[in-house]
Amino acid sequence: MTTLDSITTSDTRTALRFITCGSVDDGKSTLIGRLLVDSRAVLQDQLAGIARGAGADLALLTDGLQAEREQGITIDVAWRYFNTATRKFIIGDAPGHEQYTRNMVTAASQADAAVVLVDATKLDWPRADVSLLPQTRRHALLLQLLRVPSIVFAVNKLDAVADPALAYRHIGGALQAFAEQAGIAAVATVPVSALQGWNVVDAGPRDPHWCGHAGPTLLEILQRLPVTPRETGLPLAFPVQWVEKFPSSSDTSQGRRVFWGRVATGRVAAGTPVQLLPSGQQALVAQVLDHARAPGAIAAGHSAGIVLDRELDVSRGDWIVAAPAPATAIDDFDDAPPTPAWSTTSELAVTIAWLDDEPLVAGRVYWALHGHRWVKARVRRVVERLDIQTLAREPAAQLEPNAIGRVELALQEAIPATAFARSRTLGSLILVDTASHRTAGAVLLN
906 MTTLDSITTS DTRTALRFIT CGSVDDGKST LIGRLLVDSR AVLQDQLAGI ARGAGADLAL
966 LTDGLQAERE QGITIDVAWR YFNTATRKFI IGDAPGHEQY TRNMVTAASQ ADAAVVLVDA
1026 TKLDWPRADV SLLPQTRRHA LLLQLLRVPS IVFAVNKLDA VADPALAYRH IGGALQAFAE
1086 QAGIAAVATV PVSALQGWNV VDAGPRDPHW CGHAGPTLLE ILQRLPVTPR ETGLPLAFPV
1146 QWVEKFPSSS DTSQGRRVFW GRVATGRVAA GTPVQLLPSG QQALVAQVLD HARAPGAIAA
1206 GHSAGIVLDR ELDVSRGDWI VAAPAPATAI DDFDDAPPTP AWSTTSELAV TIAWLDDEPL
1266 VAGRVYWALH GHRWVKARVR RVVERLDIQT LAREPAAQLE PNAIGRVELA LQEAIPATAF
1326 ARSRTLGSLI LVDTASHRTA GAVLLN
């Protein structure tokens, strides 16, 4: 694993959005509580509200639902905010129970980084070949599939084992072996005790080399992690979220409709030639408005209002994309045309993290949400399943709840799509059960 010096630092003026994940009762909520308390982000009256006997139950700072407090588990993602002298943070407490994996996936899809907690007391740490818990492996694989840029492993509860240095060495070795086998580029592995506060914000128990770890604390690592880069290197792609009609007397839009949304890729400015999908009609951008309705160019990751130079039929769910370059004669037959940034297609080969309680089988029909567009999707074939223990891919006829596998989908309408490795927005969609309206699967285009 890496050290703090080898972590590439980006613009730390931008808030870092990260989540904690792992198995049930690994100490995720307690870790977040420790970060909030030791960074002085909790008021005295909040501390008084979580007092338990001589101490405080730090997990109650994030476990706000009544069912969470009664059962002692995290069910929904709780987002909290805190800052240090050098950076702001948005932190999410993701559930560890398999039943709520869909909540963890939702949180991870928005995260710049993730801290995967491993409870040392649950593992046979005296063994050099210690085995990790299935949910720890599953969450790490999901983070990799969702392209979370920075993954940190934190070995927790080392204050509760007889030989913390040996436990950290063996568990850290197992994590490194698993990460290398799975192709997970983890930025660091750190020993912590969320309950005692060791190596979270402050150093270990009066020992800078606690557990043989002379590196940074968890917070020091988080302060150096990069945010997810905006997809500005791709051509324009803009999913229309809302259509606003101004009266003809309005100077803001010259009486034309304004199409609002968030720029997914590229940038948009007045004069940009665009194409509308699925209609295929083309137009020029007459004006671009920011969130305050001020005109100007807008880049990926920011909200914008687009006014076209002529009236066209555009609705919520449509896409405004960069117009294709005009065809030109190829002088040299050895020269191939450039690969397009995306293509419109209704046949998809995808990787799915299956989240529904019912297995995924061929022939089932779901709603698919891509950007803001809903289309019907039929499962043509389940190709294979990933064994989270061996990481082997094996043929499968169905995907059970919380399984990860490859599937072929057929959509009722074509969508602008590209591989998820190229664009997190264009390359992802979700499947929703048509009857229960529950999120059934997280889909990543191959």
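When you line the sequence shown up against the numbering used here, it's residues 906 to 1351, in that order. Quick reminder that beta carbons are idealized off the backbone N, C-alpha and C, glycines included.
Take residue i and list the residues in its own chain whose beta-carbon comes closer than 6 Å to its own, dropping the five residues that flank it on each side.
i     : result
A1012 : I924, V982, G997, A999
Q1317 : V1280, K1281
L1124 : V1106
A1033 : H1075
L1080 : F1058, T1094
P1110 : W1103
D1261 : A1345
Quick check on residue i: buried or exposed, where buried means 16 or more other Cβ atoms within 10 Å of its Cβ?
i     : result
Y1271 : buried
S934  : buried
W1030 : buried
A1205 : buried
G1346 : buried
E1085 : exposed
H1342 : exposed
Y986  : exposed
N1351 : exposed
A953  : Because A953 carries a pLDDT of 47, less than 50, the predicted location of this residue cannot be relied on, and the following value inherits that uncertainty. Per the 10 Å Cβ criterion, exposed.
W984  : exposed
N988  : exposed
R939  : buried
Got a sec? Which residues, its chain only, sit under 7 Å from residue i by beta carbon, not counting five neighbours each side?
i     : result
D943  : G1102, V1105, V1106, D1107
H1044 : C926, G927, M1009, V1021
V1274 : As written in the sequence, residue 1274 is Leu, which differs from the Val given in the question. Closer than 7 Å at the Cβ level, and outside the excluded window around L1274, lie L1334, I1335, V1337.
A920  : K993, F994, I995
P1324 : Residue identity differs from the one stated: residue 1324 is Ala in this sequence, not Pro. Taken in chain order, the residues that qualify are G1332, L1350, N1351.
A1072 : A1025, W1030, L1063, V1066
Residue i lies in the beta strand (DSSP E); which residues open and close that run?
i     : result
E1263 : It is not in any beta strand (DSSP E) - E1263 carries neither H nor E in the DSSP assignment.
T1249 : 1248-1259
L936  : Here L936 belongs to no beta strand (DSSP E); instead the alpha helix (DSSP H) covers 933-943.
E1216 : Looking at the DSSP string, E1216 is not in any beta strand (DSSP E), and its letter there is neither H nor E.
E1149 : 1147-1150
L1028 : It is not in any beta strand (DSSP E) - L1028 carries neither H nor E in the DSSP assignment.
L861  : In this structure the chain extends from 906 to 1351, so residue 861 is not present and cannot be described.
H1275 : 1270-1275
D1024 : 1018-1024
Indicate whether residue i and residue j have their beta-carbon atoms separated by less than 8 Å.
i     : j     : result
P1096 : L1063 : yes
A1319 : T1256 : no
F1164 : W1224 : no
Q1294 : P1264 : no
V1266 : V1287 : yes
R1269 : V1145 : no
T1133 : R1172 : no
I1056 : L1050 : no
V1148 : A1209 : no
L1314 : R1278 : no
P1069 : C1116 : yes
P1300 : V1226 : no
L1038 : F1083 : no
R1135 : R1329 : no
Give me the Cβ distance between residue i and residue j, rounded to the nearest whole Å; I'm assuming they're in contact under 8 Å.
i     : j     : result
A1191 : D1214 : 4 Å
L1189 : T1170 : Actually they do not touch by this definition, with Cβ atoms about 19 Å apart.
V1212 : I1203 : Not quite, the Cβ-Cβ distance comes to about 12 Å (not below 8 Å), so this is no contact.
P1178 : A1228 : 4 Å
Between which two residues does the alpha helix (DSSP H) carrying residue i extend?
i     : result
H1044 : 1039-1050
A1072 : 1069-1087
I1293 : Per DSSP, I1293 belongs to no alpha helix (DSSP H) and is neither H nor E.
E1318 : From DSSP, E1318 is part of no alpha helix (DSSP H) but of the beta strand (DSSP E) over 1309-1322.
L1349 : Looking at the DSSP string, L1349 is not in any alpha helix (DSSP H); the run it does join, the beta strand (DSSP E), is 1344-1350.
Less than 8 Å between C-beta atoms, sequence neighbours within five positions excluded: which residues of the same chain meet that for residue i?
i     : result
P1200 : A1175, Q1192, V1193, L1194
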